Every structure is written in C-alpha cells, then in structure tokens.
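Asker:
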Amino acid sequence: MTKVHTDAFIDRADFVHFMASHRRQNSPHPLKFWKATGRPRYLLEVFSLLLAISILFLAYRYYFGSLADVFDEKLCAKPVTELCLLEQQVIDACRVSANCEALSQQKKDAAAAKQTDTPLVLVEVFYEVLCRDSKEFIIEQVFPAFQKVGGIVNMSLVPYGKATERQDGNEYVFTCQHGPNECKGNIIQTCAISLCEGKDRNLALSFVNCMMVSHDSAGAGPSCAKDVGVEWAPIETCSTSSAGNKLQHIMAQRTDSLKPKLNWVPWVVVNGVHTQDIQDQATNDLRKLICDTYKGPRSPGCDS
0 MTKVHTDAFI
10 DRADFVHFMA
20 SHRRQNSPHP
30 LKFWKATGRP
40 RYLLEVFSLL
50 LAISILFLAY
60 RYYFGSLADV
70 FDEKLCAKPV
80 TELCLLEQQV
90 IDACRVSANC
100 EALSQQKKDA
110 AAAKQTDTPL
120 VLVEVFYEVL
130 CRDSKEFIIE
140 QVFPAFQKVG
150 GIVNMSLVPY
160 GKATERQDGN
170 EYVFTCQHGP
180 NECKGNIIQT
190 CAISLCEGKD
200 RNLALSFVNC
210 MMVSHDSAGA
220 GPSCAKDVGV
230 EWAPIETCST
240 SSAGNKLQHI
250 MAQRTDSLKP
260 KLNWVPWVVV
270 NGVHTQDIQD
280 QATNDLRKLI
290 CDTYKGPRSP
300 GCDS
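Take 0 as the starting number for the sequence shown in numbering that gives the first Met the number 0 and just add one per residue.
(1) Is DSSP giving PRO296 helix, strand or coil here?
(2) Is GLN88 buried or exposed, if buried means 16 or more other CB atoms sit within 10 Å of its CB?
(3) At what residues does the beta strand (DSSP E) containing TRP263 begin and finish?
(4) When the Cα atoms are used, what is the spatial distance from LEU261 to VAL227?
(5) Compute the beta-carbon to beta-carbon distance between HIS162 and CYS175, rounded to the nearest angstrom, for a pair I have assumed lies under 8 Å.
(6) Taking C-beta to C-beta, are LEU121 and VAL269 nearer than 8 Å?
(7) Considering only the alpha carbon of each residue, which of ILE186, CYS195, THR292 and LEU82 lies closest to TYR218?
(8) Whose CA, out of LEU194, ILE52, GLN105 and VAL157, lies closest to the CA of CYS182?
(9) With PRO118 as the anchor, note down where its beta strand (DSSP E) starts and where it stops.
(10) Using a Cβ-Cβ cutoff of less than 8 Å, which residues in the same chain neighbour THR292 once the five nearest sequence positions on both sides are dropped?
(11) From the DSSP output, read off the bridge partner residues of SER155.
(12) When the Cα atoms are used, what is the spatial distance from LYS245 to PHE145?
(13) CA-CA distance, ILE137 and GLU127?
(14) Kindly give me the distance between the Cβ atoms of CYS290 and VAL124, rounded to whole angstroms, as I take these residues to be in contact under 8 Å.
(15) For the alpha helix (DSSP H) holding GLN88, just list the boundary residues, first then last.
(16) Just checking my contact of CYS295 with THR117 at CB under 8 Å: how many whole Å lie between their CB atoms?
(17) When you compare only the Cα positions, how much space is there between GLN188 and LYS106?
(18) ARG167 lies in the beta strand (DSSP E); which residues open and close that run?
(19) Count the CB pairs spanning the region 276-289 and the region 253-267 that are closer than 8 Å, and state whether there are at least three.
(20) When the Cα atoms are used, what is the spatial distance from VAL212 to LYS134?
(21) CA-CA distance, VAL272 and GLU86?
(22) Indicate the three-state DSSP secondary structure (helix, strand or coil) for GLU230 in the structure shown.
(23) What are the boundary residues of the alpha helix (DSSP H) that includes VAL207?
(24) Assuming GLY243 and TRP231 make a contact with CB atoms under 8 Å, what is their CB distance in whole Å?
(25) Out of CYS75, SER155, SER47 and MET154, which has the shortest C-alpha to C-alpha gap to VAL95?
(26) Which same chain residues end up closer than 7 Å to PHE63 when comparing Cβ atoms and leaving out the 5 residues on each side of it in sequence?
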C-alpha cells in the first residue's frame, strides 16, 4: 500500500484563509493609505479655511451692512425736495419716486400758471388737530389733492377750528373743543406751517398729514419731523414760546373773521368763498373741485 504524504494536501478552509490573509498583507489598509498620503490633515485644513472665510464674510456683511443701513437712514431723512435732486439710485432706495414725480409735475404746472398769468386756486382749510372729520379730510382729500395738483393750488391750512381765546396780559389763553392736547397740537402745526412758509409748501403739508395719520396726533410732532425731514427743535421752541402764542392768535383771528361764520370743521373756503356746494364738493373730491375751478391749462394731475 502506497504511503500518502499528508503535507502535500491543503485543507480547503485553510486555503481560503491563506488567500484572504495574503490579500490583506499586500493591500494597504484604507486608513493607513489616507494617513500615509496626509489626506485627513489636508481636508481638515481646507475645511478650516472655508469656515474662516464664511465667518469673515458674515462679519463683513453684518458690519458694513449695518453701516449702509445707517447711511441710508440718514440720507433718506432729508426732505423729499432735496432727495429728488439726487441720483435715481438714491431716489429709488429711499422710495420717493412717486413724490419726485409729483414734485416735478407741480413745478411744471406752476411754471405754466406763471407763463399764462393764471392765478392759483386758493383753498383755505379750517380744522382741528384732534377732530376725526378734520383728520380724515386732511388724509383723504387735502394731502392727495396737493400731491397731484399742487402746482395749480395755494393750499392754506388753519389749525384752530371751534377753539376760543381770551387775552391774559401779553399772551392769549386758548380753549379747544377736544381739550388741552388739541390746543398743543394746533400750535405745533401752526408753528410748522409758519416756519416752512416761503421755503417748501410740501414740507409743511407733509408734516401736518403725518401728524393727522398718527393715533396720537398731538404728540406725533418729533417723529413726524424726523420722517418728513424738518428740524423739530425750532418747531418745539416756537410752540412753547410767545412767538407761537402770537401765531396761534393770528389763526384765531382768521377763523373768527370768516363770513359766513364757521359752525363745523373742516370748513373749506375756495377763492374767498364758502358755500354748502363748495363744502360738499371738497368733501367728496377736492382735487376735482380744484381742477374745475382753475382757469389755466389743465394739469395732467387732474386726470391721473
């Protein structure tokens, strides 16, 4: 019987184990390969660099973006008449394009009126700061009408209404229909109108409109001055001084001299005349009344 040398034969399981071990020994381990080539460190450096760039970018946007907001806020706080003289980008950024178009049309209408020697329509509005009907009339009729056809109208505001006055020494004491706060608001608007007179009619009317829109009309002076671009300090000084007291006395005289006598507010006088028909037309559509009364070339604002 032939002797078989068992060492010449390899068990199948051992063979498979041998081959697997051989492959592991001759193939670099993935982790060893990445470590050997420095890949983890390289990726970490790239990640750190991207993170640093992102942080710097966000810091830049936050810091310089905040500066830009402050710059825009200060720039846009200027009166609309000044903003409209600047570049279109500034006008768009401050969102006053419509105001600038209205101002441009006002100037064209005023120039046409002057060229044709046509008198402007004089509209006098007698009102009270805290009267709901007065507030609605200023907001819904007076201000929009002036925006559209301001070049053909001379809008005169008289904040006094049904108040009364009595002289006490060198000053006047006012009693208002809606209390002391209304008297305070009336004088503030009187001072603003006086200080803006001859400079910019739009500023005075914008200031008055802003106060009337506010729920606290008598106390909205400082914020409205900032919003429309007028200095509050001179207005405040005027409203608490003898100068403001005298200006309000003038408003009282204008109101008390009305014929017929004022018996409700707002009270509208057009070219020196007040009738019930004028009052009704003004209440319903003041712009149309102005356009129909004006004798010069028709303003585009009458139809837009």
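Each residue gets a CB set at the ideal place from its N, CA and C atoms; glycine is no exception. Remember, predicted model here, so these are calculated numbers, not experimental data.
Answerer: Taking the definition as stated:
(1) Translated into positions along the sequence shown, residue 296 becomes position 297. Coil at PRO296, not helix or strand.
(2) Looking up residue 88 in the sequence shown gives position 89. Exposed.
(3) As a first step, residue 263 is located in the sequence shown; it is residue number 264 there, counting from the start. Looking at the DSSP string, TRP263 is not in any beta strand (DSSP E), and its letter there is neither H nor E.
(4) Indexing the sequence shown from 1 puts residue 261 at position 262. Indexing the sequence shown from 1 puts residue 227 at position 228. Looking at the two C-alpha atoms, the distance is approximately 31 Å.
(5) The sequence position of residue 162 within the sequence shown is 163, counting from 1. The sequence position of residue 175 within the sequence shown is 176, counting from 1. The sequence shown places Ala at residue 162, not His. Indeed, because the Cβ distance is near 4 Å, the residues count as touching under 8 Å.
(6) Here the question's residue 121 lines up with position 122 in the sequence shown. Here the question's residue 269 lines up with position 270 in the sequence shown. Result yes, Cβ atoms of LEU121 and VAL269 sit closer than 8 Å.
(7) Mapped onto the sequence shown, residue 218 falls at position 219. The question names Tyr, but residue 218 in the sequence shown is Gly. The closest CA to that of GLY218, considering only ILE186, CYS195, THR292 and LEU82, is found on ILE186.
(8) To locate residue 182, count along the sequence shown from 1; it is residue 183. The shortest Cα separation from CYS182 among LEU194, ILE52, GLN105 and VAL157 belongs to VAL157.
(9) Taking the sequence shown and counting its residues from 1, one reaches residue 118 at position 119. Element bounds for PRO118: n/a, residue is neither H nor E.
(10) Locating residue 292 in the sequence shown gives position 293, counting from the first residue. Result list for THR292: VAL120, VAL269 and ASN270, in chain order.
(11) Numbered from its first residue, the sequence shown carries residue 155 at position 156. Paired residues: GLU123.
(12) Start at 1 with the first residue of the sequence shown, and residue 245 comes out as number 246. Start at 1 with the first residue of the sequence shown, and residue 145 comes out as number 146. If you take the alpha carbons of LYS245 and PHE145, they lie about 28 Å apart.
(13) Indexing the sequence shown from 1 puts residue 137 at position 138. Indexing the sequence shown from 1 puts residue 127 at position 128. Whole-angstrom Cα-Cα distance: 10 Å.
(14) Taking the first residue of the sequence shown as 1, we reach residue 290 at position 291. Taking the first residue of the sequence shown as 1, we reach residue 124 at position 125. With a Cβ gap of about 17 Å, CYS290 and VAL124 do not count as contacting.
(15) Taking the first residue of the sequence shown as 1, we reach residue 88 at position 89. Where GLN88 is concerned, the enclosing alpha helix (DSSP H) stretches over 87-92.
(16) Residue mapping note: residue 295 aligns to position 296 of the sequence shown, counting from 1. Residue mapping note: residue 117 aligns to position 118 of the sequence shown, counting from 1. With the sequence shown as reference, residue 295 is identified as Gly, and Cys is not the correct amino acid for it. So it is a contact: roughly 3 Å between Cβ atoms.
(17) In the sequence shown, counting from the first residue as 1, residue 188 sits at position 189. In the sequence shown, counting from the first residue as 1, residue 106 sits at position 107. Answer to the nearest angstrom: the Cα atoms are 25 Å apart.
(18) If you number the sequence shown from 1, residue 167 lands on position 168. According to the sequence displayed, residue 167 carries Asp and not Arg. Looking at the DSSP string, the run of the beta strand (DSSP E) that includes ASP167 is 163-167.
(19) Touching, per the Cβ criterion.
(20) The residue given as residue 212 occupies position 213 in the sequence shown. The residue given as residue 134 occupies position 135 in the sequence shown. If you take the alpha carbons of VAL212 and LYS134, they lie about 7 Å apart.
(21) Within the sequence shown, residue 272 is the residue found at index 273, counting from 1. Within the sequence shown, residue 86 is the residue found at index 87, counting from 1. Roughly 43 Å separates the two Cα atoms.
(22) As a working note, residue 230 is residue 231 in the sequence shown. Reduced to three states, the DSSP call for GLU230 is coil.
(23) As a position in the sequence shown, residue 207 is number 208, starting the count at 1. Looking at the DSSP string, the run of the alpha helix (DSSP H) that includes VAL207 is 200-212.
(24) Numbered from its first residue, the sequence shown carries residue 243 at position 244. Numbered from its first residue, the sequence shown carries residue 231 at position 232. At roughly 14 Å, the Cβ-Cβ gap does not stay under 8 Å, so GLY243 and TRP231 are not in contact.
(25) Looking up residue 95 in the sequence shown gives position 96. Of the listed residues, the one whose Cα sits closest to VAL95 is CYS75.
(26) One-based indexing of the sequence shown puts residue 63 at position 64. The predicted model places PHE63 with a pLDDT of 48, which falls under 50 and marks its position as unreliable; any figure quoted below should be read in that light. Excluding sequence neighbours, PHE63 sits near nothing in its chain.
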